[in-house]
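*Asks:* Sharing a structure below in structure tokens format, with a few things to ask.
4 protein chains.
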Amino acid sequence: LLVKKVKAEGLAHLSYLVGGTRQAAVIDPRRDCQTYLDIADRAGLRITNILETHRNEDYVTGSRELESLTGAEVLHGDLDFDYGKRIEEGEEVDLGETVLRALATPGHTPESMSYVLYDRSAGPQAVGVFTGDALFVGEVGRTDLLGKEVKRDLASQLYDSLHIKLIPLGPGTIIYPAHGAGSACGGSISNREESTIGLEMEQNKALRIRSKEEFVEMKMNELMEKPFYFEKMEDLNLHGQPVLGRLPHPEGMLAKEFQERAERGATVLDVRSPTSFAGGHVPGSISIPKEVLPNYAGWVLEYGRDILLVTDGPDDVEDIVRILVRIGYDTVAGHLVESVEGWAKAGYKVQGFPLVTPRELYHSLSEGENLTVMDVRTRREWVEERVDGSMYIFAGYLKGNVDEVPRDRPVAVLCSSGLRGSLGASILQNQGYEVLNVLGGTGAWKRSGLPMVK
Amino acid sequence: LLVKKVKAEGLAHLSYLVGGTRQAAVIDPRRDCQTYLDIADRAGLRITNILETHRNEDYVTGSRELESLTGAEVLHGDLDFDYGKRIEEGEEVDLGETVLRALATPGHTPESMSYVLYDRSAGPQAVGVFTGDALFVGEVGRTDLLGKEVKRDLASQLYDSLHIKLIPLGPGTIIYPAHGAGSACGGSISNREESTIGLEMEQNKALRIRSKEEFVEMKMNELMEKPFYFEKMEDLNLHGQPVLGRLPHPEGMLAKEFQERAERGATVLDVRSPTSFAGGHVPGSISIPKEVLPNYAGWVLEYGRDILLVTDGPDDVEDIVRILVRIGYDTVAGHLVESVEGWAKAGYKVQGFPLVTPRELYHSLSEGENLTVMDVRTRREWVEERVDGSMYIFAGYLKGNVDEVPRDRPVAVLCSSGLRGSLGASILQNQGYEVLNVLGGTGAWKRSGLPMVK
Amino acid sequence: LLVKKVKAEGLAHLSYLVGGTRQAAVIDPRRDCQTYLDIADRAGLRITNILETHRNEDYVTGSRELESLTGAEVLHGDLDFDYGKRIEEGEEVDLGETVLRALATPGHTPESMSYVLYDRSAGPQAVGVFTGDALFVGEVGRTDLLGKEVKRDLASQLYDSLHIKLIPLGPGTIIYPAHGAGSACGGSISNREESTIGLEMEQNKALRIRSKEEFVEMKMNELMEKPFYFEKMEDLNLHGQPVLGRLPHPEGMLAKEFQERAERGATVLDVRSPTSFAGGHVPGSISIPKEVLPNYAGWVLEYGRDILLVTDGPDDVEDIVRILVRIGYDTVAGHLVESVEGWAKAGYKVQGFPLVTPRELYHSLSEGENLTVMDVRTRREWVEERVDGSMYIFAGYLKGNVDEVPRDRPVAVLCSSGLRGSLGASILQNQGYEVLNVLGGTGAWKRSGLPMVK
Amino acid sequence: LLVKKVKAEGLAHLSYLVGGTRQAAVIDPRRDCQTYLDIADRAGLRITNILETHRNEDYVTGSRELESLTGAEVLHGDLDFDYGKRIEEGEEVDLGETVLRALATPGHTPESMSYVLYDRSAGPQAVGVFTGDALFVGEVGRTDLLGKEVKRDLASQLYDSLHIKLIPLGPGTIIYPAHGAGSACGGSISNREESTIGLEMEQNKALRIRSKEEFVEMKMNELMEKPFYFEKMEDLNLHGQPVLGRLPHPEGMLAKEFQERAERGATVLDVRSPTSFAGGHVPGSISIPKEVLPNYAGWVLEYGRDILLVTDGPDDVEDIVRILVRIGYDTVAGHLVESVEGWAKAGYKVQGFPLVTPRELYHSLSEGENLTVMDVRTRREWVEERVDGSMYIFAGYLKGNVDEVPRDRPVAVLCSSGLRGSLGASILQNQGYEVLNVLGGTGAWKRSGLPMVK
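Residue numbers (my numbering), protein chains in the order written: chain A, 6 to 459; chain B, 6 to 459; chain C, 6 to 459; chain D, 6 to 459.
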């Protein structure tokens with residue numbers, strides 16, 4: 006019995022290859038799925054089953070891709086998918102001594118399915134359970150993604166799934182969730198990746214709420230953004246993802262060609278660090294530093310348009326392509342093979358903006374300088390504490406709400422570190438604003454001992 | 006909180022890197038320890054502590070090697086080690102939100118220490134426990150290695166460690182043992198690598214024995230070989246292992262040089278498959294196919310002598326060197342850069358012996374052919390079932406007991422697959438016997454429907 | 006100006022990526038062509054041209070594969086290809102300061118084209134020349150592949166190409182040929198891979214023949230086999246190779262499945278060493294040790310049939326698939342994931358045959374043992390010297406000429422090392438012969454001081 | 006016969022492994038020399054000789070390092086080295102069919118030795134020649150490094166070496182020089198890496214000067230900087246380099262520890278791009294973007310002091326360590342494991358400076374803004390053309406000549422691209438100047454159509 010976890014960083018998406026004596030199943034594969042074949046080959050296993058815990062909203066699943074490479078059968082919970090086959094609660098996938106049994110755990114979505122892992126050579130106990138987005142380490146799944154109408158109902162279903170389906174598996178059962186810390190699919194998932202039913206019963210706040218009413222109320226009050234691209238993901242995952250065959254291979258472009266393609270309407274995406282972007286960038290480009298790319302691309306990049314990359318070098322390109330492909334952006338057409346320095350040397354225009362530290366910003370504000378402080382963090386972060394007098398628009402909503410930002414003075418964009426600040430500043434700069442990015446964000450603000458309001 | 010398992014195949018030795026916010030500890034490092042540095046670097050962690058669960062008998066620990074590379078502090082249980090520092094039960098290693106607390110669990114050895122893992126950000130519960138050789142998945146530690154005098158006493162201590170120390174951590178606690186399936190340190194460790202206290206309470210036969218007397222009796226009756234090299238390991242691990250600095254780099258040798266070095270007294274070790282070895286080998290060489298090398302080298306190779314390798318090619322050399330270094334053989338001096346075919350082409354003598362399938366052997370025996378069937382499996386396997394009329398000497402003891410084998414007829418060597426049979430056949434051939442190796446061993450014997458006695 | 010050589014071992018096929026300031030051309034790409042993309046990416050180049058020196062007979066070119074990945078234009082010499090475009094002598098491909106100019110050098114084939122390399126930044130001299138199969142280091146191209154009718158004419162054309170086209174480029178011009186030592190496309194290509202026109206004028210025997218008549222006569226007398234698969238290659242290269250998209254991914258199979266597929270008509274190909282094969286193999290399998298696979302597969306494997314592999318392990322599979330794909334075998338369906346030892350252990354039949362050293366064979370023959378010594382080397386090797394009394398059939402012709410081999414006595418198969426001997430022995434064993442393979446072959450025969458006749 | 010070139014980027018240092026039937030020699034090894042062992046292993050060769058063409062000034066040779074790993078013999082030309090052995094002109098190193106013969110070619114230094122390559126299997130001609138720093142592709146060696154006193158004499162010797170020793174080897178002889186384009190050891194080495202004596206006779210300006218007087222005069226007039234660290238290199242290369250055993254492994258440090266070490270006197274070296282550095286950096290750090298690190302580190306970094314790195318991420322650290330070790334900086338003690346963004350978030354001070362494009366700068370100057378334009382390019386570049394009114398100090402001399410720069414106005418630092426400009430700006434900023442870096446440098450200046458004076 007083999008369980009191999011495959012982690013897609015950023016999305017904090019966890020998929021698993023489960024192997025028996027000879028066959029293997031993959032649970033919630035990602036789209037760049039050669040890695041599962043490699044693991045299976047090395048272990049002398051053949052991938053025969055692909056199990057999905059639910060439709061998934063935050064990434065394009067690799068089920069059809071992996072199916073096309075292996076001929077394995079795709080299995081889903083109770084919903085109309087345009088591909089694969091339905092699996093019912095109680096049905097088993099037998100991999101040879103290792104068995105996965107479907108367990109309906111609705112709540113995050115109505116069709117959510119968990120898969121309970123049995124080790125027939127050891128005994129009849131549930132050894133582990135692949136919980137999808139029902140139960141994470143330290144957190145439970147969101148119930149708000151399908152809209153307000155069903156939110157209360159889903160919260161109630163989730164409570165039942167947790168207490169009637171999962172907890173009874175026993176405290177010694179290991180949990181294998183679909184996401185780790187940082188995912189947009191759970192409020193505050195722990196950065197520890199291993200846990201058990203027993204530990205969660207003690208440590209998971211949501212599980213410790215014993216009353217159903219209280220639980221539902223807690224879920225109703227959750228404040229979480231739903232990224233724009235989630236609907237695109239659900240759509241692709243229900244109706245079938247395009248099969249890539251191989252990763253897109255963007256061309257390295259020199260300044261001239263890059264410029265021409267950009268002028269013909271491609272999006273220029275700069276994934277370098279906030280200091281690099283502030284120092285100098287291709288005019289009109291959008292800044293999404295690679296650390297936040299998986300979680301923010303889907304808020305601001307248009308599907309269907311060609312994407313041109315500015316990276317720290319050609320070695321970064323494949324990683325960026327992977328990240329984008331996982332969330333359905335298959336149109337990366339090229340990357341600037343010269344650095345921004347080379348672009349400048351070739352005589353092309355370069356734009357920048359100043360970085361400012363919290364202390365400098367605080368000083369300017371104290372001196373009465375006329376500045377908008379624009380906080381672009383999530384609502385949850387904003388509600389918790391903020392800089393007095395700051396304006397608030399979440400980074401993901403900024404592009405659509407630029408008009409609310411006063412045009413008569415510079416805007417100092419603030420997030421928790423400077424990463425999302427760079428995104429916000431690039432959006433505003435492209436709309437003609439004079440901008441600054443607050444390097445270090447609220448993190449540095451607090452470390453510098455400056456006051457915040459709660 | 007990060008837990009990364011590092012597995013040394015063959016020995017089935019499991020070591021762990023445990024990371025907190027900034028620091029990491031390594032538990033029971035292996036000797037080729039660059040891998041821990043790589044993991045730590047990638048995770049932005051610094052290795053500050055090296056924890057040993059016990060003296061270890063089946064491999065040379067990498068504690069001093071890793072100490073020399075990182076400056077980390079080595080910590081041991083209650084015994085006189087010539088290096089490192091003692092840690093007492095209850096003492097904690099704080100890695101930043103992640104804490105390891107020492108828990109004395111004597112039994113396998115008197116100084117055996119477990120380390121309980123706490124995730125301070127989640128709660129006060131024991132999240133996991135590094136059990137060393139006290140508790141494995143599906144098995145408990147051996148208590149016979151320190152000799153008959155203390156065996157009963159150790160078994161009794163182990164019972165207490167399991168029931169008074171480990172089980173009370175709670176069913177939801179994850180266990181991280183020092184060995185997986187195939188290790189010489191436990192009778193029948195499960196090939197599943199993940200478990201919890203709760204699962205072991207249900208599935209582990211040794212834990213399900215509730216009476217201490219019964220448990221001790223069971224341990225007293227265990228039949229297990231103690232490899233010769235274990236004493237060497239204990240000695241090195243107590244008094245300090247030589248620090249290598251880098252892996253030995255054996256020279257590629259042509260036939261002539263290889264021959265000369267062999268004549269000057271080096272051991273020629275052939276790690277190719279049983280079919281390759283039977284087909285043709287360097288006269289005087291010993292066959293230990295790489296699959297069984299980690300567990301059988303220590304039975305038959307002399308320490309201190311130069312070792313010359315015959316492999317399937319230069320790409321295999323580094324892996325073999327790693328395996329040998331982990332068990333204290335630092336004297337690999339060269340490898341035959343030409344294949345055995347090249348050796349033959351260079352005009353050097355080649356030796357072989359026939360392989361025989363169980364059916365052919367059974368047929369010969371039925372026809373009354375005068376043959377010794379020499380079973381070289383472990384006593385446990387032998388006791389379970391065997392070919393009627395076969396002679397028994399364990400492969401590890403064969404070299405020292407050749408005189409017992411009749412010289413007047415061919416010897417068909419039998420193990421469970423042909424791997425250890427190749428070792429046995431090579432030992433006997435070097436002593437002048439006419440030999441055959443039974444390809445497929447008792448495995449094929451049974452699959453072919455031939456009779457065995459119990 | 007960048008010239009990167011890519012070598013396909015075994016076929017000793019040399020292809021080249023030539024880069025200018027921004028663009029690159031690939032000359033004679035192999036079919037597994039990701040490597041050219043990787044080189045170009047790293048160097049910031051875009052592949053815009055694919056140049057073929059001639060139709061190629063010994064491998065499937067990767068032109069269409071690379072075209073499909075890059076959109077680069079395929080250019081050929083003067084012949085009706087079903088894809089790509091014709092390039093005429095004197096036409097230039099300008100890569101930016103680096104220029105390739107077509108130079109017709111017929112002889113090996115009528116359409117053979119060389120490409121002369123110019124470094125515009127340095128001067129007007131020819132810096133190098135990609136000679137295809139016209140001129141190698143130490144050898145010139147074969148002129149016999151298109152049949153007896155045109156052989157004399159082609160030899161005459163080749164003489165002119167060498168003396169009127171290539172030599173005038175000047176002694177300082179570097180040559181970049183399409184093959185290195187070991188290729189079936191040249192009699193005795195040097196194992197040195199670098200040379201110049203000046204060096205070849207001094208060191209290349211064929212170039213030192215100054216009289217055209219003498220040269221043509223020499224070429225008419227050459228003794229070289231033409232592998233059966235060459236016609237398939239020419240056909241694919243003229244009419245367009247299937248585009249793979251990605252390398253085939255053969256399934257790992259357990260003994261049972263492997264056996265079933267073999268019974269349904271798949272070819273079982275064993276690429277392990279002669280000692281491994283002799284020691285034990287799957288009955289009915291054909292032995293082509295991986296060292297000789299590129300040059301011998303095309304003699305004996307049927308196109309269109311599924312191929313099942315027996316290798317030294319799963320790590321070898323990809324390399325074998327690459328070798329086979331390069332010569333048009335796209336039907337590798339699986340590999341035995343268990344070793345032959347595992348196959349035996351699963352109760353399946355194993356076959357072997359004895360290996361014999363030259364001394365033992367010589368001794369047997371001297372004793373009057375009734376044995377056929379079957380020499381399977383190339384005619385050129387055979388003509389040079391041989392074992393007295395041996396029978397001769399080239400390994401590539403053996404399958405079709407088995408009837409000539411006496412069935413009433415064992416056959417000792419002899420090559421120069423044992424590699425092709427293993428192939429020959431497997432063919433004969435599959436036809437019911439009792440066989441032995443002479444380990445070390447004529448190489449060992451001579452080293453052992455045994456007599457040969459010339 | 007095998008010739009494998011190993012290139013150390015940046016220094017453009019070319020070393021070679023030359024293999025015969027069984028042995029190999031390495032010519033001018035670099036200090037991180039595992040790569041030679043890997044090449045030799047794969048080719049089944051043993052490294053038996055290490056040949057130095059001369060003392061070398063621009064890097065620490067790896068001779069003693071490689072000697073310590075292989076036991077190979079180090080051979081030098083005619084000078085008092087504290088290790089290795091002298092080789093005289095005409096002496097041969099026989100690697101089995103492949104022979105290297107020493108040929109004294111003084112000029113660059115008095116002891117400079119070339120090694121002529123013979124392929125005994127092909128004929129008596131010189132196949133190639135390892136020319137060290139005597140002859141490059143398109144250039145010849147510097148003769149100014151040993152001082153003015155001997156410059157004329159060395160130039161005269163070099164003329165003789167070229168015309169009496171190297172040219173007579175014949176036009177077809179391949180040349181293998183010790184440096185490629187970008188090296189500080191030759192004025193304008195071609196970026197083509199392959200050439201022959203014949204090509205150089207036509208294309209190399211220095212070789213085309215047929216009169217000795219003219220040649221010497223040309224060499225006397227050469228304008229080239231001698232990096233400060235060259236003397237350190239010569240000293241280490243004459244008296245023996247420290248043997249490292251393994252590459253230094255700098256600790257990943259968090260902001261706090263990094264800060265403390267910097268305060269205790271370590272040099273903070275930032276190797277990120279000019280845009281990143283300008284955007285934000287650790288106060289007091291020196292900027293040497295990695296592209297120019299090999300050539301500029303030795304001008305400005307003190308030997309003996311600890312070095313702390315700021316990189317684009319942990320993956321870059323090993324490469325930077327390699328670059329520094331090759332020029333004798335063995336004291337890299339740590340790297341900032343957090344990015345500069347993390348440093349800011351931790352509340353530490355960040356500094357930046359504006360980048361300016363040539364057009365903006367030109368505009369400001371036209372408007373009469375009070376700015377020093379400080380050109381930091383090499384004298385050769387400066388002499389060729391420059392911005393009118395600019396001040397000139399070469400980047401390597403800036404630190405020692407800061408006093409010449411007016412303190413009463415901002416300084417716009419200008420190089421050809423912005424890379425060395427970043428270095429210059431960081432030096433001046435650390436001395437209290439208000440600075441700007443001209444992004445794109447004179448390259449962008451010209452592309453923007455702005456005027457320069459010659």
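For glycine and all other residues, C-beta sits at the position ideal for the given N, C-alpha and C. None of these values were measured; they are calculated from a predicted model.
With DSSP as the reference, label residue 447(B) as helix, strand or coil.
*Replies:* For the purposes of this step, residue 447(B) is identified with residue 442 of the second sequence, where counting begins at 1. Residue 447(B): helix per DSSP, three-state reduction.
*Asks:* Answer with yes or no whether the minimum CB distance from residue 49(A) to chain C is below 7 Å.
*Replies:* Working through the first sequence from its first residue, we reach residue 49(A) at position 44. Yes, contact with chain C.
*Asks:* Please list, in chain order, all residues of the same chain as residue 245(B) whose beta carbon is under 7 Å from its beta carbon, the five residues on each side excluded.
*Replies:* If you number the second sequence from 1, residue 245(B) lands on position 240. Closer than 7 Å at Cβ, skipping near neighbours: 69, 87, 88.
*Asks:* Just grab the DSSP bridge partners of residue 396(C) for me.
*Replies:* On the third sequence, residue 396(C) is found 391 positions in, with the first residue counted as 1. Answer is 379(C), bridged to residue 396(C).
*Asks:* Along chain C, which residues have their Cβ under 9 Å away from the Cβ of residue 8(D)?
*Replies:* One-based indexing of the fourth sequence puts residue 8(D) at position 3. Per Cβ cutoff of 9 Å: 197, 198, 199.
*Asks:* Strictly below 7 Å CB to CB, what residues from chain B border residue 124(A)?
*Replies:* Within the first sequence, numbered from 1, the residue matching residue 124(A) stands at position 119. Those are 197, listed as they occur along chain B.
*Asks:* The alpha helix (DSSP H) with residue 407(A) in it runs from where to where?
*Replies:* The count along the first sequence starts at 1 and reaches residue 407(A) at position 402. That residue, residue 407(A), is in no alpha helix (DSSP H); it is neither H nor E in DSSP.
*Asks:* Can you tell which of 382(D), 344(D), 198(D) has its C-alpha closest to the C-alpha of residue 279(A)?
*Replies:* Counting from one through the first sequence, the residue named residue 279(A) turns up at place 274. The shortest Cα separation from residue 279(A) among 382(D), 344(D), 198(D) belongs to 344(D).
*Asks:* Would you mind telling me which residues of chain B sit closer than 9 Å to residue 250(D), beta carbon to beta carbon, in chain order?
*Replies:* In the fourth sequence, the residue the question calls residue 250(D) occupies position 245. Neighbours of residue 250(D) on chain B, chain order: 250, 251.
*Asks:* How big is the Cα-Cα spacing for residue 448(D) and residue 30(A)?
*Replies:* Locating residue 448(D) in the fourth sequence gives position 443, where the first residue counts as 1. Locating residue 30(A) in the first sequence gives position 25, where the first residue counts as 1. The alpha-carbon atoms of residue 448(D) and residue 30(A) are separated by roughly 57 Å.
*Asks:* Can you check whether the C-beta of residue 380(C) is within less than 7 Å of a C-beta belonging to chain B?
*Replies:* On the third sequence, position 375 is the one that residue 380(C) refers to. No, no contact with chain B.
*Asks:* Under the DSSP definition of a beta bridge, which residues are partnered with residue 118(C)?
*Replies:* One-based indexing of the third sequence puts residue 118(C) at position 113. Partner(s): 109(C).
*Asks:* With 16 as the cutoff for other CB atoms within 10 Å, does residue 368(A) come out buried or exposed?
*Replies:* Start at 1 with the first residue of the first sequence, and residue 368(A) comes out as number 363. Residue 368(A) comes out exposed.
*Asks:* Where does the unbroken beta strand (DSSP E) through residue 266(D) begin, and where does it stop?
*Replies:* As a first step, residue 266(D) is located in the fourth sequence; it is residue number 261 there, counting from the start. First-last for residue 266(D): 260–268, but that is the alpha helix (DSSP H), not the beta strand (DSSP E).
*Asks:* Following the continuous beta strand (DSSP E) through residue 20(D), name the residue where it begins and the one where it ends.
*Replies:* As a working mapping, residue 20(D) is identified with position 15 in the fourth sequence. 18–24 is the extent of the beta strand (DSSP E) around residue 20(D).
*Asks:* Quick one: list the residues of chain D neighbouring residue 194(C), beta-carbon separation under 7 Å, in chain order.
*Replies:* Against the third sequence, residue 194(C) aligns to sequence position 189. Result: empty, since nearest Cβ-Cβ is about 11 Å, beyond 7 Å.
*Asks:* Hey, quick one: how far does the beta strand (DSSP E) through residue 160(D) stretch, first residue to last?
*Replies:* Within the fourth sequence, numbered from 1, the residue matching residue 160(D) stands at position 155. Taken as a continuous stretch (DSSP letters only), residue 160(D) belongs to no beta strand (DSSP E), being part of the alpha helix (DSSP H) at 153–165.
*Asks:* Is there contact between the region 313–324 of chain D and the region 226–242 of chain D, where contact requires at least three CB pairs shorter than 8 Å?
*Replies:* Contact between the region 313–324 of chain D and the region 226–242 of chain D is absent, because fewer than three Cβ pairs lie under 8 Å.
*Asks:* Could you tell me if residue 199(B) is buried or exposed, where buried requires 16 or more neighbouring beta carbons within 10 angstroms of its beta carbon?
*Replies:* Position 194 of the second sequence holds residue 199(B). Burial call: buried.
*Asks:* Let me see if you follow: with CB-CB separation under 7 Å, is residue 342(A) close to chain C or not?
*Replies:* The residue you call residue 342(A) lines up with position 337 of the first sequence. Closer than 7 Å to some Cβ of chain C, the Cβ of residue 342(A) qualifies, so yes.
*Asks:* For residue 311(A), which of 339(A), 328(A), 259(A) has the nearest alpha-carbon?
*Replies:* Sequence index remark: in the first sequence, residue 311(A) carries index 306 (1-based). Ranking 339(A), 328(A), 259(A) by Cα distance to residue 311(A) puts 339(A) first.
*Asks:* Suppose you measure from the CA of residue 196(A) to the CA of residue 64(B); what does that come to, to the nearest Å?
*Replies:* Start at 1 with the first residue of the first sequence, and residue 196(A) comes out as number 191. Start at 1 with the first residue of the second sequence, and residue 64(B) comes out as number 59. Answer to the nearest angstrom: the Cα atoms are 33 Å apart.
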